[in-house]
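Protein chains in written order, with the working numbering: chain G, 56 to 296; chain D, 17 to 429.
All C-beta atoms in this analysis are idealised placements derived from N, C-alpha and C, irrespective of residue type, glycine included.
Model, not experiment: these values are computed from the prediction.
Presented below is the structure to which this report refers.
Laid out in structure tokens, this is it:
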């Protein structure tokens, strides 16, 4: 069996604002193995986004331990966490989060800049990812000029460019029409089939059914953790070129 | 992260808001241009004065009565001091005393009202010998200069400056006419050509006459106020100064050089004095202009803070993709420094243009031979100072940006 890539034990997050303490995450134990495609689902306010942010090293837990690829991240500094995000993680956000005035290629290059990858390797690797998501002839387009589906493909290319160990997708279809959303999910499935570990957060069970495992969160706790028996295989539609 | 990336990232960030970036740096542009203008004009003025002093000849030294001024109060005394006498002049003229001196010229001077008919003019009476002509490169537009005979005989004759002639005689001939000076009358034997302000003397406003005449009839004293000594070459100048000091100490029975009742001023010293004055003035004006730089810096800080808030999502994204706090800090700091350095360079260009125009105007309209000097050190300083302002005033906003949490930054709407 594959080795665990993510292991959290007793993970909790409390937000303290003045005297009011809000529990974002009560206590979560979760193990994700390499090559899994996990959907974290739950209603809004359940803590699923908080969990994703902690797993993605964008936020720190207030209790519990987090091991990523065997490394205990609890005591990591901000700079070390930035390096972990840069070298081991890829992100796809609901709002795409592209630099609107920069070209597709430049957006994809950005993680490589912070990794200190020099030219021309940087361009080669970024171009390979742009090709992979089918936007070869859009390389020089400003990101703002793309359609929503194309933007999210750029975001996926950017998430993949540093060959991450885990890809986090936070409501990746949330800003897309259903057809574009299907294309993106199909692409994530393809990536998973090639061995990439994917952690997806969504509040739509329809989207979650594309994953192989579903973790339901409610009130900051895991309510249900099950393998998806009848996985929704999304038909090959192909990227519009 | 590579330096090249930091730079191109910062430039891209700035180019997103071109007109805002330009407005932001206006304060710096104004500050740096006024500093450049002030220092450039200051240097030009200094150059003008140095030129004048050198125009006097690098081989000339001045013997001045009294103690060497050590503070601002010292100057008044030197004029009134009467330690230099006729016999000192004679001693200095002796070849055996100062062998390398080629010319020894006594000076006396003072203001006096000159009148002719109903016209009156306050002129500077300058008493000397005919050696004033080679000393100051004087040209006579009419008549002739007095000579040694007139000095010995205290002839009541004078050579008048261009403006004196114009004021008293208008367009009619001055030569041969008698003008009234104090209670005496002197005959005009020559008129000076256009000379303008020379070091210490404006010959256009001067009435030049034998120093003996000036002493006896106009000024009413028998001492000498300055003695100009010309050395045979710049190399012998030090020897001349030493010989003058030895001779005069001997004449005045002085053994302790601390108790000298005269001092010898070299062109270098004169130049130094003027340089000090112009430098202090320049510094004063430049520091006033410097205040506008601080104002400009606060403007930069203000806009940078707005920019950091606006770009919270960008900062969050960059952090999510692996930017460290220092990468973000450096990016915003670089933006601030690029802004201020651009403002500085623009300011220097504007300041230099203005100062070039000022020098040009001084030459064309005021007849002052003011040179335009490229203030290289001032330019380098200007760039460094503007970069420093970017660093100082950009640091706070850049830190604000760097310390944003990646998650909060991403959530920010």
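query, result
"Residues in the stretch 329 to 353 of chain D having any Cβ partner in chain G nearer than 9 Å", "329, 330, 332, 333, 334, 335, 336, 337, 338, 339, 340, 341, 342 and 343"
"Assigned exposure category for residue 74 (chain G) - 16 Cβ within 10 Å defines buried", "exposed"
"Interface flag, residue 19 (chain D) vs chain G, CB-CB below 8 Å", "no"
"Beta carbon proximity, residue 169 (chain G) to chain D, threshold 8 Å", "yes"
"Sub-8 Å separation of residue 185 (chain G) and residue 178 (chain G) beta-carbons", "no"
"Chain G within 8 Å of residue 32 (chain D), Cβ atoms only", "yes"
"Presumed contact (8 Å Cβ cut-off) between residue 313 (chain D) and residue 408 (chain D), rounded CB distance", "7 Å"
"Proximal residues to residue 71 (chain G) (C-beta, below 6 Å), its chain only, five neighbours per side dropped", "none"
"8 Å Cβ cut-off: residues of chain G touching residue 423 (chain D)", "108, 113 and 114"
"Opening and closing residue of the alpha helix (DSSP H) in which residue 216 (chain G) lies", "Residue 216 (chain G) -> no alpha helix (DSSP H), and no H or E assigned at all."
"Cβ-Cβ separation, residue 145 (chain G) to residue 219 (chain G) (assumed contact under 8 Å), whole Å", "4 Å"
"Residue 426 (chain D) at chain G interface by Cβ criterion, 8 Å", "yes"
"Which of helix, strand or coil DSSP assigns to residue 101 (chain G)", "coil"
"Cross-chain neighbours of residue 227 (chain G) in chain D, by beta carbon under 9 Å", "What residue 227 (chain G) touches in chain D: nothing, since even the nearest Cβ is about 14 Å away."
"Residue 63 (chain G) vs residue 78 (chain G) beta-carbon contact at 8 Å", "no"
"Candidates G:246, G:222, G:234 and G:249: closest to residue 87 (chain G) by CA position", "G:222"
"Short Cβ contact (8 Å threshold) for residue 234 (chain D) with residue 194 (chain D)", "no"
"DSSP-derived helix/strand/coil call for residue 91 (chain D)", "Residue placement at residue 91 (chain D) cannot be trusted, given a pLDDT of 49 that sits under 50; the coordinates are not used to answer."
"Integer Cβ distance of residue 163 (chain D) from residue 209 (chain D), believed to fall under 8 Å", "Their Cβ separation, rounded to whole angstroms, is 19 Å, which puts residue 163 (chain D) and residue 209 (chain D) out of contact at 8 Å."
"Residue 365 (chain D) versus D:188, D:394, D:269 and D:143, residue with shortest Cα-Cα distance", "D:394"
"Cβ of residue 343 (chain G) within 8 Å of any chain D Cβ", "The question about residue 343 (chain G) has no answer, for chain G in this structure spans 56 to 296."
"Residue-chain proximity (residue 146 (chain G), chain D), Cβ-Cβ < 8 Å", "yes"
"Where residue 220 (chain D) falls, given that 16 or more other Cβ within 10 Å makes a residue buried", "buried"
"Cross-chain neighbours of residue 166 (chain G) in chain D, by beta carbon under 7 Å", "337 and 338"
"Presumed contact (8 Å Cβ cut-off) between residue 77 (chain D) and residue 280 (chain D), rounded CB distance", "5 Å"
"Nearest-angstrom beta carbon gap, residue 229 (chain D) and residue 172 (chain D) [assumed within contact, 8 Å]", "6 Å"
"Beta-bridge partners of residue 62 (chain G), as assigned by DSSP", "G:86 and G:122"
"For residue 202 (chain D) and residue 305 (chain D), the rounded distance between their alpha carbons", "53 Å"
"Neighbourhood of residue 344 (chain G) by C-beta, 8 Å cutoff - its chain only, sequence neighbours within 5 removed", "In this structure chain G extends from 56 to 296, so residue 344 (chain G) is not present and cannot be described."
"CB contact flag (residue 120 (chain D), residue 109 (chain D), <8 Å)", "yes"
"Any 3 or more C-beta pairs closer than 8 Å across the stretch 271 to 279 of chain G and the stretch 100 to 117 of chain G", "yes"
"Cβ shell of residue 55 (chain D) (< 7 Å), same chain only, five flanking positions each side left out", "298, 302, 391 and 394"
"For residue 271 (chain G), the residue or residues it bridges with in DSSP", "G:96 and G:279"
"Collapsed DSSP secondary structure at residue 151 (chain D) in the structure displayed", "helix"
"Candidates D:362, D:276 and D:389: closest to residue 263 (chain D) by CA position", "D:276"
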